[in-house]
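Novice: The structure's right below; bear with me while I get my questions together.
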Amino acid sequence: MISRARRGNDAAWEMLVRDHQEAIFRLAYLLLGDAHEAEDIAQDVFVRAFRALDTFDSTRPLRPWLLRITTNLAHNHRRSVGRYMAMVKRAISASPEYSTGLGERTSQQWEAQTLWEAVRRLSTHEQEVVYLRYFLDLSEAEMSATLDVPPGTIKSRLHRAMRRLRAVVDEDFPALREERLT
Amino acid sequence: MSNYGRRYQIQKDHPPSDEYMDRYLTNKASALRYPTTPDIASVVARRLAADKAANTYRANERALRPRTRHTGLAVVCIVALALVTLVAVPQMRAFVGNLSVGVWRIVRNAPEAPNVPGVPTITPVYPWDPHLGGETDIGSAIAAQGTGVMLPSYPEDLGLPDHVYYQHDLNNMMIFVWMEPDQPDMPAVALYRFLSTTTEIEVVAPDDKIITQMQQVAGNSVITIPLKVGGSKATWIEGQYLFNVEHIDDKGKLAKQMSEVMDGNTLVWQPIGGTYSFKLVTHTTLNEAVRMAESLKPLSPPPTPYPTKAPTSPSSRLDVSGETGLYKLDTYAGFKLEVPAIVDMPELIAPDRIYLQSNDDMGKTVIMAWYTPGRTDDLRMVMMQGTWDDSIDAMNTQTTKLVQTTTIRGNSAEWIAENTYSIALAQRPSDLHSYEAKWVEGPQYMYVNTPDGKTELAARSLIANSHTLAWQVDGVKYRLETDLPLEDAIQVAESMR
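This is the structure:
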């Protein structure tokens, strides 16, 4: 399918997009915290990837490559001025379509949401490893391919991220440790 | 109470271990609710299609050609435009939502997409793989397959395919592709022919499950309609799917496989008692596809030889250098090569001799020659195509002598028709799809004016008692020498593909 897409076969690429769009959209959403921006980024990821297919090593799996483009685009996007303006614009005309249904959340969902808020206090690199490992359930090998670093670096980044996360929870998310506080 | 907190309570002042955190995060992260993933694939497809359309438009603009192959193309474009306009009107969208027209296919049940200014919400026709293996030419295909080559004779102006593939490894599968006349990268029709006895056809979804009728594929509905073509069982398929052809060997093992992602309307049928099955991918309606399927005619030399002309003129001989073959000749010539494509005259499709010549004055010239069937000493027709430096506009209608001027090795030269019957017949302007052509009755001779004031015979018509039809399209000159009457010569010229 990849080789067909590489030869300009749009339909083959569309099928691949359908296979991977959920993971890409979710990672972008985790990194940016905004569904509209995540959708824009996810579209850009697939358009850019299609144009750059010639540079892709087809002996390797596609998903880590797409995830890497996602982290790069999200990183650039976070630093752009246009993003701030777009957020302001959307805040004025907020659409309910991406509501996650706060009122219907179970306690597990609340805990997951709070955990995500804690993770977002980490550095970008630390967030990336946590999202890939725990939220998208990637193996260390896939993470290594996605972030283009050796597996040993993944281990050490995860260890550091965990240590930082514990500190963040201790300091700013007491609700996650309510038993200790009571 | 959270598990994290409970663990803290147990461990008191000891923070949870990495292992515990690992399990905790794995468990908790999976409970996060994400917004529903939007239909990114469709938007990406539209963006890529818009890119492609923009590129095609730019390319077309650069190489704008007034000539069209199908006389009905203008009508198709108008209908397509009208439909796009209709689709823009919400009330009409539901009505026309299932139509497919010409080059563009209007997406069925397309979700409302964020509008990119100036980009219509359309997708190109089914994908085209320009790197299919086994590309050959129609002449070689006939030579290899004999009577096995069949092509649609409807619509009448379809002509010969632009691409022919002979996939020997897939048990002699043949693929014929006709491109849109104004979009050389865009296929209009593809016809597959494969052996019925050793192939199995499956329509396979991306998850490798065999599709049954009406099954959804990646959000697009695939509709299969059983029907009959010429009394044979056939199936009409609409929607995106993978087309799989598997060749099973004598031991029942999978020997070869070919997969194509298809997004065109497809008609698959197996003629009763026929050796081959066929698959037609197009964007016409079902009725049109059935008409095309039922119009298939064998494209092979006729079983009885044509009556030969006798006596053979000794001047009907070839003494031309640079003999070559048709395959990839376009590349070497530097312009798009064309051959006569008259379905009822298949013997004209593959020239008997092909030559490629190149020199400073004449540029690249391709000479094709056809013999009278069964007579290798009797030339029937010669076609020259090239970018030589002359102009049919220079034809002089004031004299029976001077017909055409050109340059040979830096010297002026003239094509002279010495045996013309009358000036009216000799240089009758003709009309080839609105392109001016000149008909010169009687053989011609080319004389070169040398620097010392002499005039030397440099060339002559290759066929004795021949006439010449000359025309020019987009900088490529055509010169047809034949002993056919004018009407037949025009038919040959207008069939050039």
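Residue numbers (my numbering), protein chains in the order written: chain A, 4 to 185; chain B, 586 to 1082.
We treat Cβ as the ideally placed atom computed from N, Cα and C, and that holds for glycine.
By DSSP, does V628/B sit in helix, in strand, or in coil?
Specialist: In the structure shown, V628/B sits in a helix (DSSP, three-state: H, G or I).
Novice: Who are the neighbours of H162/A on chain B, taking C-beta pairs under 7 Å?
Specialist: Chain B residues near H162/A: D603.
Novice: What number of angstroms, rounded off, separates the C-alpha of M1087/B from the C-alpha of L139/A?
Specialist: Residue numbering for chain B in the displayed model covers 586 to 1082; residue 1087/B lies beyond these limits and cannot be assessed.
Novice: How is S1080/B classed by DSSP in three states: helix, strand or coil?
Specialist: Coil, per DSSP.
Novice: Closest Cβ-Cβ distance between I723/B and chain A: below 8 Å?
Specialist: Chain A, which has no Cβ nearer than 8 Å to the Cβ of I723/B, makes this no.
Novice: Would you say W68/A faces chain B, with C-beta separation under 8 Å as the test?
Specialist: Output row for W68/A: interface = no.
Novice: Just checking, does the stretch 36-55 of chain A make contact with the stretch 623-633 of chain B on the three C-beta pairs under 8 Å criterion?
Specialist: Yes: the two stretches touch, three or more of their Cβ pairs being nearer than 8 Å.
Novice: Excluding five sequence neighbours on each side, which residues of the same chain lie with their C-beta closer than 6 Å to the C-beta of L35/A?
Specialist: The answer, listed in chain order, is A41, A77.
Novice: Whole angstroms is fine: what's the gap from M18/A's alpha carbon to A52/A's?
Specialist: Roughly 14 Å between the two C-alpha positions.
Novice: From V672/B to R21/A, what distance separates their C-alpha atoms?
Specialist: Any reading at V672/B must be qualified, since the residue scores a pLDDT of 30, below 50, and its modelled position is unreliable; no value is offered.
Novice: Can you check whether the C-beta of P620/B is within less than 8 Å of a C-beta belonging to chain A?
Specialist: So yes, P620/B belongs to the interface.
Novice: For M4/A and A614/B, I'd like the C-alpha separation in whole angstroms.
Specialist: Going by the C-alpha atoms only, they are around 32 Å apart.
Novice: Quick one: list the residues of chain A neighbouring I1083/B, beta-carbon separation under 8 Å, in chain order.
Specialist: A question about residue 1083/B goes unanswered here, because the residues of chain B that appear run from 586 up to 1082.
Novice: Tell me which residues share the same chain as I723/B and place their Cβ nearer than 6 Å to its Cβ, disregarding the 5 neighbours each side in the sequence.
Specialist: Excluding sequence neighbours, I723/B sits near L745, V749, I934.
Novice: Go ahead and pull the three-state DSSP assignment for M969/B.
Specialist: Reduced to three states, the DSSP call for M969/B is strand.
Novice: Please list, in chain order, the chain A residues whose beta carbon lies closer than 7 Å to that of K613/B.
Specialist: Within chain A, the residues near K613/B are E114, A115, L118.
Novice: Nearest-angstrom Cα distance between D57/A and I27/A?
Specialist: Near 20 Å, if we compare the C-alpha coordinates of I27/A and D57/A.
Novice: Could you tell me which residues DSSP pairs with V26/A in its beta bridges?
Specialist: Residue identity differs from the one stated: residue 26/A is Ala in this sequence, not Val. None, per the DSSP bridge assignment.
Novice: So, is the C-beta of L933/B closer than 8 Å to a C-beta in chain A?
Specialist: No, no contact with chain A.
Novice: Assuming contact is defined by CB atoms lying nearer than 8 Å, are D151/A and R81/A in contact in what I supplied?
Specialist: No, these two residues do not count as a Cβ contact at 8 Å.
Novice: Can you list, in chain order, the residues of its chain with a C-beta nearer than 6 Å to that of R160/A? Leave out the 5 residues immediately preceding and following it.
Specialist: If we look at R160/A and ignore the five residues flanking it on each side, its Cβ neighbours are V132.
Novice: Going by C-alpha distance, which of Q1057/B, P1036/B, K1039/B is nearest W1024/B?
Specialist: Answer by Cα proximity: Q1057/B.
Novice: Please tell me whether R123/A and Y619/B are closer than 8 Å, where the distance is taken between their beta carbons.
Specialist: Result no, Cβ atoms of R123/A and Y619/B do not sit closer than 8 Å.
Novice: In chain A, what lies closer than 7 Å to M930/B by C-beta?
Specialist: Near M930/B there are no residues of chain A at all, since even the closest Cβ is about 36 Å away, more than 7 Å.
Novice: Please name the residue or residues paired with Y751/B in a DSSP beta bridge.
Specialist: DSSP output for Y751/B lists M759/B as bridge partner(s).
Novice: 8 Å is my cut-off, CB to CB: does Y1063/B come that close to chain A?
Specialist: Chain A contact via Cβ: absent.
Novice: In this structure, does DSSP put W16/A in helix, strand or coil?
Specialist: In the structure shown, W16/A sits in a helix (DSSP, three-state: H, G or I).
Novice: Using only the alpha-carbon positions, how far apart do D173/A and H23/A sit?
Specialist: Taking the straight line joining both Cα atoms gives about 36 Å.
Novice: For a contact meaning CB atoms closer than 8 Å, what does M606/B contact in chain A?
Specialist: Within 8 Å Cβ-Cβ: M165, L168, R169.
Novice: Would you report the Cα separation of L743/B and P154/A, rounded to the nearest angstrom?
Specialist: One C-alpha to the other measures close to 59 Å.
Novice: For A266/A, write down the residues that DSSP places opposite it in a beta bridge.
Specialist: The structure shown does not extend to residue 266/A, since chain A spans only 4 to 185, so no value can be given for it.
Novice: Let me make sure I understand the geometry here. Which of V774/B, G959/B, M759/B has the alpha-carbon closest to that of E765/B?
Specialist: Selected option, being the one with the closest Cα: V774/B.
Novice: Measuring CB to CB, does E1079/B end up less than 8 Å from V967/B?
Specialist: No, they are not a contact pair.
Novice: Is it buried or exposed for Y861/B, if we count other Cβ within 10 angstroms and need 16 for buried?
Specialist: Result: buried.
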